[in-house]
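Below: one structure, written as structure tokens.
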Amino acid sequence: MSQETDLTHLETPELLEKIQDDLYDGLAVEVVAGVRELLRRGMSPYDSLTQGLVAGMDVVGVDFRDGILFVPEVLMAAKAMKAGMEILRPLLVETGAPQIGTMVIGTVKGDIHDIGKNLVGMMMEGAGFKVVNLGVNNDVTKFMAAIEEHKPDILGMSALLTTTMPYMGIVIKALKEAGIRDQLIVLVGGAPLNAAFAEEIEADAYCRDAAIAVVTAKQLMAIKRGEVAL
Numbered sequence: 061m062s063q064e065t066d067l068t069h070l071e072t073p074e075l076l077e078k079i080q081d082d083l084y085d086g087l088a089v090e091v092v093a094g095v096r097e098l099l100r101r102g103m104s105p106y107d108s109l110t111q112g113l114v115a116g117m118d119v120v121g122v123d124f125r126d127g128i129l130f131v132p133e134v135l136m137a138a139k140a141m142k143a144g145m146e147i148l149r150p151l152l153v154e155t156g157a158p159q160i161g162t163m164v165i166g167t168v169k170g171d172i173h174d175i176g177k178n179l180v181g182m183m184m185e186g187a188g189f190k191v192v193n194l195g196v197n198n199d200v201t202k203f204m205a206a207i208e209e210h211k212p213d214i215l216g217m218s219a220l221l222t223t224t225m226p227y228m229g230i231v232i233k234a235l236k237e238a239g240i241r242d243q244l245i246v247l248v249g250g251a252p253l254n255a256a257f258a259e260e261i262e263a264d265a266y267c268r269d270a271a272i273a274v275v276t277a278k279q280l281m282a283i284k285r286g287e288v289a290l
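Numbered per this note's numbering, the sequence shown finishes at 290, counting up by one with no gaps.
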């Protein structure tokens with residue numbers, strides 16, 4: 061209880077900074093306490109999300125990109141963010157708060173690697189996207205069913221094996237045949253991939269890591285919505 065009592069003495073800007081610092085350090089219990097205090101003060105769920113959790117994850121993303129943080133630390137931060145999101149998600153739904161967009165993400169058929177893909181999913185959620193994580197070993201049918209059900213803005217595909225990489229092209233071909241390729245931003249990632257491969261299979265972008273995936277997704281969503289000139 062002392063933790064929560066201490067929070068009441070902080071000015072709101074200090075409280076937001078503390079939430080961001082706690083998130084950075086992966087302190088889930090403290091992040092939850094901070095979010096509850098923001099709500100107690102009457103801050104909207106959306107502002108609590110963007111000024112507290114998303115702002116904190118933005119710093120995590122930059123430091124991950126720059127090699128200051130590594131995967132285990134980012135996973136801890138993402139778990140703390142998710143703990144805060146558990147409080148906010150039902151309130152955000154009630155208030156109809158805007159989301160940047162929806163992403164369906166999965167590892168392709170024949171591949172069961174998911175750490176990088178999960179990290180992308182968590183950081184995308186931290187950036188304000190709704191994320192539908194399909195897990196591993198997804199064939200065309202699973203991807204297409206998820207797209208039909210969730211109507212995402214973005215499809216993310218991951219592969220860690222050179223033998224499973226080509227399956228991404230099969231999924232994109234299926235999108236074309238279904239006449240929906242132009243409706244989706246397709247992002248691909250995984251250790252053996254590169255930008256040339258992404259171009260070859262006609263994906264929209266190759267993302268080297270989770271931080272770049274978030275930046276790329278935001279940029280392409282802005283272009284899609286006409287907020288940024290091509």
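Even for Gly, the Cβ is constructed at its ideal location relative to N, Cα and C.
Taken in chain order, the complete beta strand (DSSP E) segments of 3 residues or longer contained in the segment 173 to 220 are 189 to 193 and 214 to 218.
Runs of the alpha helix (DSSP H) spanning 4 or more residues and lying entirely within the segment 61 to 103 occur at 62 to 67, 72 to 84 and 88 to 100, in chain order. If you look at Gly229, you'll find it in the alpha helix (DSSP H) that goes Tyr227 to Glu237.
Looking at the DSSP output, Met117 bridges to nothing. The distance from the Cβ of Lys190 to that of Thr162 is about 5 Å, consistent with a contact at the 8 Å cut-off. Inclusion of Arg100 and Thr72 in the CB contact set at 9 Å is not warranted, their separation being larger than that value. Counting only the Cα atoms, Met217 lies some 16 Å from His210. CA-to-CA, the gap between Gln111 and Ala88 works out to about 17 Å. Residue pairing by DSSP puts Thr167 in a beta bridge opposite Ser218. A direct Cα-Cα distance of roughly 14 Å separates Ile240 from Glu262.
Annotation for Val231: Val200 and Phe203 place their beta carbon closer than 6 Å to its own, counting only its chain and skipping 5 residues before and after.
Inter-residue distance for Thr224 and Pro252 is about 10 Å (C-alpha atoms, whole angstroms).
Straight through space, the alpha carbons of Asn193 and Gly181 are spaced by roughly 7 Å.
In the DSSP annotation of this structure, the continuous segment of the beta strand (DSSP E) that includes Leu247 starts and ends at Ile245 to Gly249. With respect to the 9 Å criterion, Val164 and Leu98 are not classified as neighbours on the basis of their beta carbons.
Straight through space, the alpha carbons of Ser104 and Gly176 are spaced by roughly 32 Å. With distances taken between CA atoms, Ala265 lies nearest to Val248 out of Val248, Met281, Val274 and Leu148.
Spanning the alpha carbons of Tyr106 and Val122 requires a straight line of approximately 22 Å. Ala143: member of the alpha helix (DSSP H) spanning Val131 to Thr155, first to last residue. Ranking Asn198, Gly144, Ile79 and Asp81 by CA distance to the CA of His173 puts Asn198 first.
Gly116 is classed as buried because its beta carbon has at least 16 other beta carbons within 10 Å across all chains shown. In terms of Cα proximity to Val95, the closest of Glu146, Ala234 and Asp85 is Glu146.
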